[in-house]
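Trainee:
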Amino acid sequence: MNNRYEPHVGDNYAPDKIRVIIPVGGKATRLLPLTAETSKACLRLLNRPLVEFSLLSLANQGIRNFIFGVKGYTNYRDLYDYFESGTGFSARYGIDPPIHIKYQPNVPDLGSADSARINMNYYEITNPVFAVQGDNIFDIKVKNIIDFHKEKEAALTIVLREVDNVEGLGIADIDKSGRIQKFIEKPQPKDAPSNLANTGLYVLSPGIQKIFKEKGIQQIIKNKNRLDFGYDFIPYVISTGRPVYGYTLKGSWYDVGTPKSYLEAMKNLLHSGVSTLKDFGGRLSGDDMIWVQGDSADSEKCREEIIGKIKQGKIKIEGAVLIGRHCQIDDGAHIVNSCIDNFTRIGKKAVITNSAVMDRAIVGDNTEIHDSIIGRHVMVNSNCNRPTRINAVSVVADDVVLEEGCTLRATKIYPHQHIRGEFQNQTIIAN
């Protein structure tokens, strides 16, 4: 069973030959209600789709060929409508030659590993595949992991990262050479064999396609109606005795899989960025961690107005703050370690701390938003007599209206709701 990496004559690292598969067919239940009607890969983070961080990091390393492993209407619609073949993305970031994006054929997959199987077979891939999850942000030099993969003659290499909290992650136990001896998907903390977490980044040798055809894999599909990397494929490959290695990542990595981790990633990225994106455009000065975006003549007017208010002390900005294009911020507003997306309006004396307010939201006067996420096109009504308060990792999905005096604490509001009153630790799907 030789399904490890097989070197070829003159087989030097060639980033343009690598194929990147990004499985994005999952329902992203941990991010609900933000993903109720939006692909997690296109969920906005720091005023851009989440998956754009991965594309930019890899494109800046010379990788040009990407496949979105889409499944279902929402994932396909959001990704194809925004990225198409990748020419717009390439132009936006000055990537030359441009990247090329393909899409999974109209075949439903049974999980992330099954998506890799379908695309490797359909596109007849004969080069190493780098598989990337759609909700990760990472700093990694692809050449280093490919070289490691070749040196170990691995069938599969998993990028691992030491973590403080193993909850909700796949955990690997490796020997001194880096070979994975044991892998458990989302164990209880007491059962975790180590603190080395699966980052969802994989290198697959072309010979892995033979494994997909084996009876053991077909039995997993038949019995579980699923073929997931963590739950199914990785444990199976290890059980067959094939070489599966763990490459320990030293650079930054963020699993943006829950609202809490979304906010943590947002704050960390605002303060330190990633190697390929440390500046978000419109920085006030070289030392400031304040960005007010705006390039066109119209957006530049809004930008200059906001900057003027900051300098005059009419609005208060603390920590690291990103403000998008065409935003309006009224006097007395106070924003701390937060991201305000494009075409957003912030009312008088509104306070926003450690939070994300997505594009086209309207935040009324005297609103208080702490450690929470406000979706797209949300109307937060509020005034000095009946202020609205949102805190404790509350999540308000797209196109929601909150009436004056609402209080949300650790509450999730699904799209298109009209909310009155006080809610704590609730999930509001319809009212």
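The sequence shown: position 382 = 382 (my numbering), numbered continuously. Beta carbons are placed, not taken as given, at the ideal position from N, Cα and C, and that holds for glycine. Just so you know, these numbers come straight off a predicted model, no measurement behind them.
1. For ASP16, which residues from the same chain have a beta carbon less than 8 angstroms from its beta carbon, with the 5 sequence-adjacent residues on both sides left out?
2. Tell me where the beta strand (DSSP E) around ILE174 begins and ends.
3. Classify MET120 as helix, strand or coil using the three-state DSSP reduction.
4. Please list, in chain order, all residues of the same chain as ILE374 whose beta carbon is under 8 angstroms from its beta carbon, the five residues on each side excluded.
5. Pick out the complete alpha helix (DSSP H) segments inside the segment 200 to 227, 4 residues or longer, and give them in chain order.
6. Express the C-alpha separation of PRO193 and ASN385 in angstroms, rounding to a whole number.
7. Beta-carbon separation of ASN47 and GLY347 under 8 angstroms?
8. Counting only the same chain and skipping the five closest in sequence on each side, list residues whose C-beta sits under 6 angstroms from that of PHE343.
9. Starting from THR87, trace the alpha helix (DSSP H) both ways and give me its first and last residue.
10. Return yes when the Cβ of PRO23 is within less than 8 angstroms of the Cβ of ILE125, no when it is not.
11. Could you tell me if VAL107 is buried or exposed, where buried requires 16 or more neighbouring beta carbons within 10 angstroms of its beta carbon?
12. How would you write the range of the beta strand (DSSP E) that ALA131 sits in, first residue to last?
13. Cα separation between HIS377 and GLY168?
14. Leaving out five residues before and five after PRO415 in sequence, what residues of the same chain have Cβ atoms less than 8 angstroms from its Cβ?
15. In the DSSP output, what is CYS339 paired with across the bridge?
16. Is there contact between the segment 143 to 162 and the segment 199 to 216, where contact requires at least three CB pairs shorter than 8 angstroms?
17. Give a yes or no on contact between the segment 134 to 152 and the segment 224 to 233, applying the rule of three or more CB pairs nearer than 8 angstroms.
18. Pick out whichever of ASP287, GLU151, SER115 and SER394 has its Cα sitting closest to the Cα of TYR13.
19. Identify the continuous beta strand (DSSP E) that holds ARG303 and give its terminal residues.
20. Got a sec: is the Cβ-Cβ distance from THR427 to anything in chain B below 8 angstroms?
21. Are the segment 165 to 181 and the segment 41 to 56 touching, with three or more C-beta to C-beta distances below 8 angstroms?
Mentor: From the atom records:
1. For the purposes of this step, residue 16 is taken as the residue at position 16 of the sequence shown. When the five nearest sequence neighbours on each side are left out, the beta carbons in the same chain lying within less than 8 angstroms of the beta carbon of ASP16 are those of GLY62, ILE63, ARG64 and ASN65, in order along the chain.
2. In the sequence shown, residue 174 corresponds to position 174, counting from 1. First-last of the beta strand (DSSP E) with ILE174: 170 to 174.
3. Walking along the sequence shown from the start, residue 120 turns up at place 120. Three-state DSSP puts MET120 in a helix.
4. In the sequence shown, the residue the question calls residue 374 occupies position 374. Closer than 8 angstroms at Cβ, skipping near neighbours: SER355, ALA356, VAL357, MET358, ALA361, VAL363, VAL380, ILE390 and VAL396.
5. Fully enclosed alpha helix (DSSP H) runs of 4 or longer: 208 to 212 and 215 to 224.
6. Position 385 of the sequence shown, counting from 1, holds the residue named residue 385. Position 193 of the sequence shown, counting from 1, holds the residue named residue 193. Roughly 55 angstroms separates the two Cα atoms.
7. The count along the sequence shown starts at 1 and reaches residue 47 at position 47. The count along the sequence shown starts at 1 and reaches residue 347 at position 347. The answer is no: Cβ separation not under 8 angstroms.
8. On the sequence shown, residue 343 is found 343 positions in, with the first residue counted as 1. Closer than 6 angstroms at the Cβ level, and outside the excluded window around PHE343, lie HIS326, ASP359 and ARG360.
9. Reading the sequence shown from its first residue, position 87 is the one you call residue 87. From DSSP, the alpha helix (DSSP H) with THR87 extends over 87 to 93.
10. Here residue 125 is taken as the residue at index 125 of the sequence shown, counted from 1. Here residue 23 is taken as the residue at index 23 of the sequence shown, counted from 1. Result no, Cβ atoms of ILE125 and PRO23 do not sit closer than 8 angstroms.
11. Residue 107 sits at position 107 when you count from the first residue of the sequence shown. Under this definition VAL107 is an exposed residue.
12. As a first step, residue 131 must be located in the sequence shown, where it is residue number 131. 129 to 132 is the span of the beta strand (DSSP E), which, as asked, contains ALA131.
13. Stepping through the sequence shown from its first residue, residue 377 is reached at position 377. Stepping through the sequence shown from its first residue, residue 168 is reached at position 168. HIS377 and GLY168: Cα-Cα distance of roughly 31 angstroms.
14. Taking the sequence shown and counting its residues from 1, one reaches residue 415 at position 415. Taken in chain order, the residues that qualify are PRO33, ALA36, GLU37, GLY375, ALA397, ASP398, ASP399 and VAL400.
15. In the sequence shown, the residue the question calls residue 339 occupies position 339. In the DSSP output, where bridge partners are listed per residue, CYS339 has LEU322 and ALA356.
16. yes
17. no
18. For the purposes of this step, residue 13 is taken as residue 13 along the sequence shown, with counting starting at 1. Closest option to TYR13, Cα to Cα, is GLU151.
19. Counting from 1 along the sequence shown, the entry for residue 303 is found at position 303. In this chain, ARG303 is not harboured by any beta strand (DSSP E); it is covered by the alpha helix (DSSP H) spanning 297 to 312.
20. Absent from the structure is chain B; it holds one protein chain and no more.
21. no
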